[in-house]
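Numbering (full-length UniProt numbering), first residue to last: 1 to 247. All C-beta atoms, glycine included, are put in the ideal place defined by N, C-alpha and C. Written out below as structure tokens is the structure these notes cover.
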């Protein structure tokens, strides 16, 4: 979550959109459906806690695709482009680039298909998913891909501890909001068990399953007393890799 993604407290970014619609345009529903189907077919589900028959699934999609994949694509955008495009336009760009990079389709083929459907908006779309894939999508939507693991050791911190958020080296994808780096808060809760993320973030620190904490921050500690409403608390769920003892 780099600068352009978690922008709490940054000024002069223009008016805030108050549009509460989940989908502002009909085509956005299709993008969401494509992403969901890719997650349900993701090769990593062969080793998920719930036993999915991924290896026997009749599909040509053989890659890993998770929320992390989608977010990594968006975070790789040039910041000015990020602010220019709508939410699902960013999804569309990231998904399309993934299919090109992974070799499922060439950039030229994608341009050709795009031009065809722009010129023929009523043309028939590719076949619908087969019955086995439909069943897999339904199962995934109901059971998901849990990141929960049984505990192996006691968490480093306990409820009530004062902690300081780490400032790790920037990486392609992180689960640490930028505005919390180096901020001090108090552990509000320690979630039972350990939790993993979809991918390792490398030197950022999130890899093997680890405890997760709910940390409470005084808003003034983050944005300063002049830019915060009094008596306001912000809560963040943080992997243990991002939490340090307060000095």
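Please report the distance separating the alpha-carbon of residue i from that of residue j.
i           : j           : result
residue 54  : residue 33  : 19 Å
residue 145 : residue 202 : 21 Å
residue 2   : residue 174 : Legend: pLDDT at residue 2 = 48, less than 50; position of this residue unreliable, value from coordinates given subsequently. C-alpha separation (whole angstroms): 8 Å.
residue 207 : residue 136 : 27 Å
residue 83  : residue 72  : 16 Å
residue 75  : residue 122 : 34 Å
residue 90  : residue 103 : 20 Å
residue 111 : residue 95  : 14 Å
residue 64  : residue 39  : 8 Å
residue 225 : residue 88  : 35 Å
residue 109 : residue 230 : 56 Å
residue 22  : residue 237 : 24 Å
residue 239 : residue 52  : 27 Å
residue 98  : residue 25  : 23 Å
residue 192 : residue 211 : 8 Å
residue 179 : residue 234 : 12 Å
residue 227 : residue 217 : 15 Å
residue 17  : residue 62  : 38 Å
residue 105 : residue 113 : 10 Å
residue 81  : residue 189 : 38 Å
residue 86  : residue 155 : 40 Å
residue 120 : residue 127 : 17 Å
residue 19  : residue 27  : 17 Å
residue 139 : residue 223 : 43 Å
Kindly list the residues whose CB is nearer than 6 Å to the CB of residue i, restricted to its own chain and excluding five residues on each side of it in sequence; keep chain order.
i           : result
residue 204 : 168, 171, 174
residue 161 : 187
residue 176 : 242
residue 107 : 100
residue 49  : 146
Of all the CB atoms in chain D, is at least one closer than 8 Å to the CB of residue i?
i          : result
residue 43 : The structure shown contains no chain D, having only a single protein chain.
In chain order, what residues of the same chain have a beta carbon less than 8 Å from the beta carbon of residue i, not counting five sequence neighbours either side?
i           : result
residue 163 : 157, 184, 185, 186, 187, 213, 215, 243, 244, 245, 246
residue 141 : 36, 40
residue 129 : 37, 137
residue 68  : 173, 197, 198, 199
residue 159 : 187, 188, 189, 190
residue 29  : 23
residue 116 : 123
residue 221 : 183, 184, 185
Using a Cβ-Cβ cutoff of less than 7 Å, which residues in the same chain neighbour residue i once the five nearest sequence positions on both sides are dropped?
i           : result
residue 147 : 195, 196, 197
residue 232 : 219
residue 57  : 41, 132, 133, 136
residue 59  : 41, 133
Tell me, to the nearest whole angstrom, how far the beta carbon of residue i is from that of residue j; I am working on the premise that it is less than 8 Å.
i           : j           : result
residue 182 : residue 165 : 6 Å
residue 31  : residue 125 : Incorrect: roughly 14 Å between the Cβ atoms, too far for contact.
Given the structure, does residue i come close to the ligand NAP, in the sense that its CB is under 7 Å from one of the ligand's heavy atoms?
i           : result
residue 193 : Because no ligand of any kind appears in the structure shown, any question about the ligand NAP cannot be addressed here.
Exercise. Does the segment 35-50 come within contact of the segment 150-169, defined as at least 3 CB pairs closer than 8 Å?
Worked result: no
For this session: Let me know the alpha helix (DSSP H) ranges lying completely inside the UniProt domain "Nitrile hydratase beta subunit" (151-244), each 4 residues or longer, listed in chain order.
Result: 219-223
Exercise. Where in the segment 105-143 do unbroken runs of the alpha helix (DSSP H), each at least 4 residues long, occur, reported from the N-terminal end onward?
Worked result: 107-119, 131-143
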